[in-house]
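Below is one structure, written out as structure tokens; comments come after it.
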Amino acid sequence: MRFPIACLAAIAAMWFAPPSTAARTGVRAELACQATGPVEPKSLAFVVAYVDRRPAGEFILTFENGEVWQQEDLRTKVDIKRGDQVVIRRSASGTFTLVSRDGQSTRVKRMH
Numbered sequence: 003m004r005f006p007i008a009c010l011a012a013i014a015a016m017w018f019a020p021p022s023t024a025a026r027t028g029v030r031a032e033l034a035c036q037a038t039g040p041v042e043p044k045s046l047a048f049v050v051a052y053v054d055r056r057p058a059g060e061f062i063l064t065f066e067n068g069e070v071w072q073q074e075d076l077r078t079k080v081d082i083k084r085g086d087q088v089v090i091r092r093s094a095s096g097t098f099t100l101v102s103r104d105g106q107s108t109r110v111k112r113m114h
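Numbering (the working numbering), first residue to last: 3 to 114.
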């Protein structure tokens with residue numbers, strides 16, 4: 003596990019500083035560590051293992067790692083085939099966008 007430098011400095015100050023200083027520093031250390039927290043990637047690359055199509059035309063993709071994603075935006079047609087590499091990006095609003103190698107994109111949601 004990697005800690006930001008601010009966390010390590012604050013923890014060190016707690017061990018080697020006088021008690022009154024350590025108490026104040028400990029609160030700051032806790033806040034600094036909480037603020038940085040674990041960082042989630044904004045996008046991930048996947049390789050398509052299977053492509054299923056629903057009657058309405060939307061696709062359901064199974065990736066090589068076993069994750070299953072379904073197309074949400076039926077207005078957008080994206081040509082995806084087995085073996086294609088795609089990127090899924092998370093927006094600030096929490097929705098996901100699949101981008102194909104040729105730049106086509108559509109909104110998707112994770113099923114499994």
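Built from N, CA and C at the ideal position, the CB exists for glycine as well. Note that this is a predicted model, so its numbers are computed, not measured.
Proximity of residue i and residue j at Cβ, strictly below 7 Å
i    : j    : result
R91  : T99  : yes
A51  : E66  : yes
S116 : V70  : With the chain covering 3 to 114 only, the question about residue 116 has no answer from this structure.
V49  : Q106 : no
Three-state secondary structure assigned by DSSP to residue i
i    : result
S45  : strand
L100 : strand
T108 : strand
A58  : coil
Other residues of its chain near residue i: CB distance less than 8 Å, five sequence neighbours each side excluded
i   : result
A25 : In this prediction, A25 has a pLDDT of 48, which is less than 50 and means its spatial position is unreliable; what the coordinates show is noted afterwards. Answer for A25: no residue qualifies.
F61 : V53, D54, R55, Q72, Q73, V80, I82
A94 : none
Classification of residue i by the beta-carbon crowding that lies within 10 angstroms, buried from 16 upward
i    : result
T108 : buried
L76  : exposed
Sequence-distant residues of its chain with Cβ nearer than 6 Å to residue i (five each side left out)
i   : result
S45 : V89, R91
T78 : T108
T64 : A51, Y52, V70
Boundaries of the beta strand (DSSP E) in which residue i is found, first to last residue
i   : result
R91 : 87–92
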